[in-house]
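Student:
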Amino acid sequence: MSVSHHSWAEPYKIKVVEPIRMTTKEERVAAIKEAGYNSFLLRADDVYIDLLTDSGTSAMSDHQWAGMMVGDEAYAGSRSFYNLVSAVEDVYGYEELIPTHQGRGAEHILSQILIKDGDYVPGNMYFTTTRFHQEHAGGRFVDVIVDEAHDPASLHPFKGNIDLDKLRKLIDEVGADKIPYISVETNVNMAGGQPLSMANLKATAEMCHQNGILVMLDATRALENAWFIKQREAGYMEKSVAEIVREICSYSDGATVSSKKDNLVNIGGFLALRDPELAKAARAMLVAFEGLHTYGGMSGRDMEALARGIREMVETDDHVHARVGQVEYLGDALIKAGVPIIRPVGGHGIFIDAKAILPHIPHDQFPAQALTAALYLASGVRGMERGVVSAGRDKVTGDHHYPKLELVRLAIPRRVYTQAHMDVTAEAVIGVLEHPEDVTGLRFTYEPESLRFFQARFEPVS
Ligand code: F0G
18 MSVSHHSWAE
28 PYKIKVVEPI
38 RMTTKEERVA
48 AIKEAGYNSF
58 LLRADDVYID
68 LLTDSGTSAM
78 SDHQWAGMMV
88 GDEAYAGSRS
98 FYNLVSAVED
108 VYGYEELIPT
118 HQGRGAEHIL
128 SQILIKDGDY
138 VPGNMYFTTT
148 RFHQEHAGGR
158 FVDVIVDEAH
168 DPASLHPFKG
178 NIDLDKLRKL
188 IDEVGADKIP
198 YISVETNVNM
208 AGGQPLSMAN
218 LKATAEMCHQ
228 NGILVMLDAT
238 RALENAWFIK
248 QREAGYMEKS
258 VAEIVREICS
268 YSDGATVSSK
278 KDNLVNIGGF
288 LALRDPELAK
298 AARAMLVAFE
308 GLHTYGGMSG
318 RDMEALARGI
328 REMVETDDHV
338 HARVGQVEYL
348 GDALIKAGVP
358 IIRPVGGHGI
368 FIDAKAILPH
378 IPHDQFPAQA
388 LTAALYLASG
398 VRGMERGVVS
408 AGRDKVTGDH
418 HYPKLELVRL
428 AIPRRVYTQA
438 HMDVTAEAVI
448 GVLEHPEDVT
458 GLRFTYEPES
468 LRFFQARFEP
478 VS
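Heads up: take any position in the sequence shown, counting from 1, add 17, and you land on the working numbering.
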């Protein structure tokens, strides 16, 4: 599928290293039990290769670290804030910047200023915290992603696309005045890091704007989406990812961003808007929930590193080429070994189809949670459940949401691991698949009411 003409290598060399430690089987048996079979509750010291998330786990560059030293910690009017404003404006094209401590801080504010009780918020699949804040503000999330997104085997090149018929139907059914905005996620996380096309985004924006509905991006992984557009969509091969990111944002009225991903920092995020009046409402929320409008939830040094990370990610196409290339390298190794994973391989990680591997575990015994624990036990590799546990319960009926995708995610941190780590990871996954019948289902011993996957505890069903 790739149309690149040369092979990739990391466009950097390594200046600092951090030792990691392999644990014994006995240590891992004790650790996973103590963690209630939830990989979120493991201590990082008990993990060998940590693929829990690509969030806040990037390695910063020497230029970003130097920025930490010259960050301006002024409470009001920090120079680093203005550097961040200009980086966001240059790279994403938004003029109004509301800095937050991370992505969910921005989602909180956006949801509170736009959603009224009883409103509907369509989106291309859900993200956990995004949907939480939409519902918390009184809204109802409606999935309008294309059907192919729910099919692990579909090779559709743009599984993140909005299904325009579903969107039209929702508008007809509930009325545009009940839909404050559409939430469009770039490189859809829960679908497996799958992009939407520029043509689809453009058509979606046209339909929404004709109906007075705002278009709000979750631009957290817009860079990775831009790379796939460059590879797969006619007319974009000669464009730089910098140009493509700008064009993606041009169709929207604003965006929430978790800067812990594309933006190459360990903490931070922002809400960006075009409408100064909306920005005023957002800043009123900001000072109550995050901090003054010139730092939000970040220190000056965080803002400085972020401003530099934003520019760095699009400075050349080589960075994202190597980033996605490494994910594809792991994906190809698994595909070659016959491991059922979401295809095409996504931008930020590998998503293993747990239902296909563990048909003997009923859906309400959490196959992906069980497989995540089994992989850790066998190898010390830490992944994350993205299935029924993450999906939570229906607010109205109280039943589990049963997503079609029951997945173990191996998210790859940016600029952190080597190709040899990917080889070892592939061997670990293939090892577990030799005896899938040894993996047993799980049941809750503690189930939090919302965002349950973070802190839930389980025990094996005997
Ligand atoms: N939107 C998307 C698409 C995300 O993937 C995340 C976080 C957020 C919003 C929330 O941002 O964590 O900075 O508050 N995803 C992480 C993950 C947690 O592991 O996928 P945050």
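Note that CB positions come from ideal geometry on N, CA and C, so glycine has one too.
Is the distance from the Cβ of Leu-240 to the Cβ of Val-262 below 8 Å?
Tutor: Residue 240 sits at position 223 when you count from the first residue of the sequence shown. Residue 262 sits at position 245 when you count from the first residue of the sequence shown. Closer than 8 Å, so yes.
Student: At which residues does the alpha helix (DSSP H) containing Ile-447 begin and terminate?
Tutor: Position 430 of the sequence shown, counted from the start, is the residue given in the question as residue 447. Looking at the DSSP string, the run of the alpha helix (DSSP H) that includes Ile-447 is 436-449.
Student: By DSSP, does Glu-202 sit in helix, in strand, or in coil?
Tutor: Indexing the sequence shown from 1 puts residue 202 at position 185. The answer is strand: DSSP assigns Glu-202 an E or B state.
Student: Using CA atoms only, rank isn't needed, just tell me which of Val-406, Asp-319, Thr-389 and His-167 is closest to Phe-98.
Tutor: Mapped onto the sequence shown, residue 98 falls at position 81. Residue Asp-319 is the option with its Cα nearest to Phe-98.
Student: So, at 8 Å on beta carbons, what are the nonlocal neighbours of Ala-216 in its own chain, with the 5 sequence-adjacent residues on each side left out?
Tutor: Walking along the sequence shown from the start, residue 216 turns up at place 199. Same-chain partners within the cutoff: Glu-250.
Student: Suppose the cutoff is 8 Å on Cβ atoms and the five residues either side in sequence are ignored; what does the same chain contact list for Leu-468 look like?
Tutor: As a working note, residue 468 is residue 451 in the sequence shown. Excluding residues within five positions, the ones whose Cβ falls inside 8 Å are Thr-145, Thr-146, Phe-149 and Gly-409.
Student: Assess contact between the region 375-387 and the region 449-458, defined as three or more Cβ pairs (one per stretch) separated by less than 8 Å. Is contact present?
Tutor: Yes, since at least three Cβ pairs between the region 375-387 and the region 449-458 fall closer than 8 Å, the two stretches touch.
Student: Any heavy atom of the ligand F0G closer than 7 Å to the Cβ of Glu-241?
Tutor: As a position in the sequence shown, residue 241 is number 224, starting the count at 1. Incorrect: Glu-241 has no Cβ contact closer than 7 Å to the ligand F0G.
Student: Just mark Ile-31 as buried or exposed, buried being the case when its beta carbon has 16 or more other beta carbons within 10 Å.
Tutor: Position 14 of the sequence shown, counted from the start, is the residue given in the question as residue 31. With fewer than 16 Cβ atoms within 10 Å of its Cβ, Ile-31 is classed as exposed.
Student: Compute the Euclidean distance between the alpha carbons of Met-18 and Gly-415, then round it to the nearest angstrom.
Tutor: The sequence position of residue 18 within the sequence shown is 1, counting from 1. The sequence position of residue 415 within the sequence shown is 398, counting from 1. In this predicted model, Met-18 has a pLDDT of only 45, less than 50, meaning its place in the structure is not dependable enough to derive any value.
Student: Please report how far the alpha carbon of Lys-278 lies from the alpha carbon of Asp-292, in whole angstroms.
Tutor: For this step, residue 278 is matched to residue 261 along the sequence shown. For this step, residue 292 is matched to residue 275 along the sequence shown. Straight-line Cα distance between these residues: approximately 26 Å.
Student: If you check the beta carbons only, do Gln-151 and Ser-128 fall under 8 Å apart?
Tutor: Here residue 151 refers to the residue found at position 134 of the sequence shown. Here residue 128 refers to the residue found at position 111 of the sequence shown. Taking 8 Å as the Cβ cut-off, Gln-151 and Ser-128 qualify as a contacting pair.
Student: Looking at the unbroken alpha helix (DSSP H) that takes in Pro-293, where does it start and where does it end?
Tutor: Translated into positions along the sequence shown, residue 293 becomes position 276. Per DSSP, Pro-293 belongs to the alpha helix (DSSP H) from 293-306.
Student: Rounding to the nearest angstrom, what Cα-Cα distance links Ser-275 and Ala-373 in this structure?
Tutor: Translated into the one-based positions of the sequence shown, residue 275 becomes position 258. Translated into the one-based positions of the sequence shown, residue 373 becomes position 356. Approximately 32 Å, taken between the alpha carbons.
Student: Could you check which residue in Tyr-346, Leu-388 and Leu-422 has the C-alpha nearest to that of Asp-440?
Tutor: Numbered from 1 along the sequence shown, position 423 holds the residue referred to as residue 440. For Asp-440, the nearest C-alpha among the options comes from Tyr-346.
Student: Do Asp-334 and the ligand F0G come close, with the Cβ less than 7 Å from some heavy atom?
Tutor: Position 317 of the sequence shown holds residue 334. No - the ligand F0G has no heavy atom lying nearer than 7 Å to the Cβ of Asp-334.
Student: Phe-471: which of Tyr-143, Met-401, Glu-51 and Pro-28 sits nearest, CA to CA?
Tutor: On the sequence shown, position 454 is the one that residue 471 refers to. Considering only alpha carbons, the answer is Met-401.
Student: Would the region 285-305 and the region 336-353 be scored as touching if the rule is three or more Cβ pairs under 8 Å?
Tutor: No, they do not touch.
Student: My understanding is that Arg-325 touches His-80, with C-beta atoms under 8 Å, so please give their C-beta distance in whole angstroms.
Tutor: Sequence index remark: in the sequence shown, residue 325 carries index 308 (1-based). Sequence index remark: in the sequence shown, residue 80 carries index 63 (1-based). Sure, about 6 Å apart at Cβ, within 8 Å.
Student: So Ile-179 packs on Leu-295, CB below 8 Å; how close in whole Å?
Tutor: As a first step, residue 179 is located in the sequence shown; it is residue number 162 there, counting from the start. As a first step, residue 295 is located in the sequence shown; it is residue number 278 there, counting from the start. Incorrect: roughly 22 Å between the Cβ atoms, too far for contact.
Student: Work out the CA separation of Leu-114 and Val-102 for me, nearest whole Å.
Tutor: Translated into the one-based positions of the sequence shown, residue 102 becomes position 85. Translated into the one-based positions of the sequence shown, residue 114 becomes position 97. Looking at the two C-alpha atoms, the distance is approximately 6 Å.
Student: Can you tell me whether DSSP reads Phe-461 as helix, strand or coil?
Tutor: For the purposes of this step, residue 461 is taken as residue 444 along the sequence shown, with counting starting at 1. Looking at Phe-461 - three-state DSSP - the assignment turns out to be strand.
Student: Looking at Ala-428 and the ligand F0G, is the gap between the Cβ and the nearest heavy atom below 7 Å?
Tutor: In the sequence shown, the residue the question calls residue 428 occupies position 411. Checking every heavy atom of the ligand F0G against the Cβ of Ala-428, one is found closer than 7 Å.
Student: Could you tell me whether any non-hydrogen atom of the ligand F0G is closer than 7 Å to the CB of Gln-472?
Tutor: The residue you call residue 472 lines up with position 455 of the sequence shown. Gln-472 Cβ: outside cutoff for every heavy atom of the ligand F0G.
Student: Rounding to the nearest angstrom, what Cα-Cα distance links Tyr-312 and Asp-134 in this structure?
Tutor: Translated into positions along the sequence shown, residue 312 becomes position 295. Translated into positions along the sequence shown, residue 134 becomes position 117. If you take the alpha carbons of Tyr-312 and Asp-134, they lie about 30 Å apart.
Student: Flag this pair as yes or no: are the beta carbons of Glu-423 and Gly-84 separated by less than 8 Å?
Tutor: As a first step, residue 423 must be located in the sequence shown, where it is residue number 406. As a first step, residue 84 must be located in the sequence shown, where it is residue number 67. For Glu-423 and Gly-84, no; Cβs fall outside 8 Å.
Student: Counting along the chain, where does the alpha helix (DSSP H) carrying Ile-49 start and finish?
Tutor: By one-based count along the sequence shown, residue 49 stands at place 32. 42-51 is the span of the alpha helix (DSSP H), which, as asked, contains Ile-49.
Student: Just grab the DSSP bridge partners of Phe-475 for me.
Tutor: Here residue 475 corresponds to residue number 458 of the sequence shown, with the count starting at 1. According to DSSP, which records beta bridges pairwise, Phe-475 is partnered with Phe-461.
Student: Looking only at C-alpha atoms, which of Pro-430, Arg-432, Gln-382 and Gly-448 sits nearest to Thr-462?
Tutor: Counting from 1 along the sequence shown, the entry for residue 462 is found at position 445. With distances taken between Cα atoms, Thr-462 lies closest to Gln-382.
Student: Are the Cβ atoms of Gly-364 and Phe-245 separated by less than 8 Å?
Tutor: Position 347 of the sequence shown holds residue 364. Position 228 of the sequence shown holds residue 245. The answer is yes: Cβ separation under 8 Å.
Student: Give the single residue among Ser-24, Tyr-29, Val-282 and Ile-49 whose Cα lies nearest to the Cα of Leu-394.
Tutor: To locate residue 394, count along the sequence shown from 1; it is residue 377. Selected option, being the one with the closest Cα: Ile-49.
Student: According to the neighbour-count rule (16 or more other Cβ atoms, all chains shown, within 10 Å of its Cβ), is Ala-236 buried or exposed?
Tutor: Here residue 236 refers to the residue found at position 219 when the sequence shown is read from its first residue. The residue in question, Ala-236, is buried, as its Cβ has 16 or more Cβ neighbours within 10 Å.
Student: What is the residue span of the alpha helix (DSSP H) that Thr-389 lies within?
Tutor: Along the sequence shown, read from residue 1 onward, the residue named residue 389 stands at position 372. Its alpha helix (DSSP H) spans residues 384-396.
Student: Distance check for Ser-200 and Leu-187, CA to CA, integer angstroms please.
Tutor: Counting from 1 along the sequence shown, the entry for residue 187 is found at position 170. Counting from 1 along the sequence shown, the entry for residue 200 is found at position 183. Distance between the alpha carbons of Leu-187 and Ser-200: 14 Å.
Student: Could you tell me how far apart the beta carbons of Glu-329 and Leu-281 are, in whole angstroms, since I believe they sit closer than 8 Å?
Tutor: Here residue 329 refers to the residue found at position 312 when the sequence shown is read from its first residue. Here residue 281 refers to the residue found at position 264 when the sequence shown is read from its first residue. That belief holds up - the Cβ atoms of Glu-329 and Leu-281 are roughly 6 Å apart, short of 8 Å.
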